[in-house]
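Numbering-wise (my numbering), the sequence shown opens with residue 13 and increments by one. A virtual CB, placed ideally from N, CA and C, is assigned to each residue, including glycine. Values in this document were obtained by computation on a predicted structure and should not be read as measured data. Scroll down for the structure; my scribbles are underneath it.
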Amino acid sequence: CKHFVQSALQTLAGKCVRRVYVFSENMAQQCADIRLHDVERVQPGVDPEQFCPVNDTRRQVLKQQYGLPLEQPILLGLGRLVENKGYHLALAALTHLPHVHLVIVGEGEYLPALQAQISALGLDEQVTLFGASQTPQHFYQLADVFVFTSTYEPFGQTLLEASCSALPVVAFRPSSDVVTATPNVLGEKNVFWVADTEAHTLAETLNTALNTPERASELAQLAQAHVIQHYSWASLAYRLHPWETDSQERTE
């Protein structure tokens, strides 16, 4: 019933506008499923001035500020706490990485389940749960690797924020069990891909990302350049209203 009502509202909303803009092919397919037409794919935006890398001194200051271990590698997960975000998979992988600390930033209905899993796996000293944050850029800046464990994600704004911050990304490769737009967003060559959702496979890929700093830096820089080129707010504004942007540039 809930799904029917949601689909009906989406269809009604689509008929009330002249054009529908979506951020990924997955979103476009969702529109096609409910018979919405005149759908155009555009890129969302990210602010490179807000989401930017910092030097090592600043990273240590941020770790101290948030009460995080100074000497351990920091993995970051950020977003709503719901099952499809796959944080339970990150926790399972953490049992194979005893010297790594995981930070999860967000809030949602899945919090009690994650807290119970942390306790059951004995990970209380390896995991820090923060609620929703007004300064998410700080967490991208202090982390070593971004863990994108979503198994369903039509787009993934956090991918833009992490990559714009020059943070290497580890993500599941899309498959029958993983429906995400990560390759569309970041490209095939700019991510540490995890072959499947098994805990040991994820742990192995995370270990590779942490222990090959030159490769991690290379992928992070490639992803950062890709995101800044294709997903800046200026780029989005031009795609939506190119005539207005051109006019404004001529008058400046």
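Open item on the list: Please give the ranges of any alpha helix (DSSP H) in the segment 88 to 113, keeping only runs that are unbroken, at least 4 residues long and fully inside the region.
Closed with: Taking only runs of at least 4 residues, the alpha helix (DSSP H) segments lying wholly in the segment 88 to 113 are 99 to 106.
Open item on the list: With the cut-off set at 9 angstroms, would you say Leu171 and Val197 are in Cβ contact?
Closed with: The answer is yes: Cβ separation under 9 angstroms.
Task: Under the three-state DSSP convention, the category Thr140 falls into - done: Strand.
Open item on the list: Using only CA atoms, which one of Gly91, Cys176, Leu106, Gly79 lies nearest to Thr213?
Closed with: Closest by alpha carbon: Leu106.
- [ ] Look up Leu123 in the DSSP assignment and say whether it is helix, strand or coil.
- [x] The answer is helix: DSSP assigns Leu123 an H, G or I state.
Open item on the list: Report the CB separation of Thr163 from Val190 in whole angstroms; it is logged as a contact under 8 angstroms.
Closed with: Correct: roughly 5 angstroms between the Cβ atoms.
Open item on the list: Please state the DSSP three-state secondary structure of Glu165.
Closed with: Strand, per DSSP.
Open item on the list: Just to confirm before moving on: does the CB-CB distance between Thr217 and Val206 stay below 9 angstroms?
Closed with: The Cβ atoms of Thr217 and Val206 sit closer than 9 angstroms to each other.
Task: Residues that Trp245 bridges to, as DSSP identifies them - done: Looking at the DSSP assignment, Trp245 forms no beta bridge with any residue, so it has no partner.
Task: Limits of the unbroken beta strand (DSSP E) element including Ala211 - done: Element bounds for Ala211: not the beta strand (DSSP E) but the alpha helix (DSSP H), 211 to 223.
Task: Reference Pro81, options Val112, Pro65, Gln55, closest by Cα - done: When the alpha-carbon of Pro81 is set against those of Val112, Pro65, Gln55, the nearest one is in Val112.
- [ ] Indicate whether Pro180 and Asp208 have their beta-carbon atoms separated by less than 9 angstroms.
- [x] No, the pair does not count as a contact, with Cβ atoms beyond the cut-off.
- [ ] Can you have a look at Leu101 and say buried or exposed, based on whether 16 or more other CB atoms are within 10 angstroms of its CB?
- [x] Per the 10 Å Cβ criterion, buried.
TODO: Give the range of the beta strand (DSSP E) segment to which Ala183 is assigned.
DONE: In the DSSP assignment, Ala183 falls within the beta strand (DSSP E) that extends over 181 to 184.
Task: Backbone CA spacing between Arg53 and Gln41 [nearest angstrom] - done: Their backbone Cα atoms lie some 11 angstroms apart in a straight line.
Task: Close Cβ partners of Ser145 (< 6 angstroms) along its chain, the five nearest in sequence each way excluded - done: Cβ neighbours of Ser145 within its own chain (closer than 6 angstroms, five residues either side excluded): Val117.
Task: With 16 other Cβ atoms within 10 Å as the buried cut-off, status of Leu126 - done: By the Cβ neighbour-count rule, Leu126 is buried, with 16 or more other Cβ atoms within 10 Å of its own.
TODO: Report the rounded CA-to-CA distance for Val139 versus Phe167, giving the unit in angstroms.
DONE: When rounded, the distance between both Cα atoms is 26 angstroms.
Task: Beta-bridge pairing of Arg53 - partner residues as DSSP gives them - done: DSSP output for Arg53 lists Val34 as bridge partner(s).
Open item on the list: Can you tell me whether Leu252 is helix, strand or coil according to DSSP?
Closed with: Correct three-state label for Leu252: helix.
Task: Cβ-based burial, Gln153 [other Cβ within 10 Å; buried from 16] - done: Here Gln153 is buried. Its C-beta has 16 or more other C-beta atoms within 10 Å.
TODO: List the whole-angstrom C-beta distance separating Leu114 from Leu133, where the pair is believed to meet the contact cut-off of C-beta under 8 angstroms.
DONE: Rounded, the Cβ-Cβ distance is 11 angstroms, inconsistent with contact.
Open item on the list: Quick check on this structure: which residue in Asp50, Ala128, Pro56 has the alpha carbon closest to the alpha carbon of Gln169?
Closed with: That would be Pro56, whose Cα lies nearest to the Cα of Gln169.
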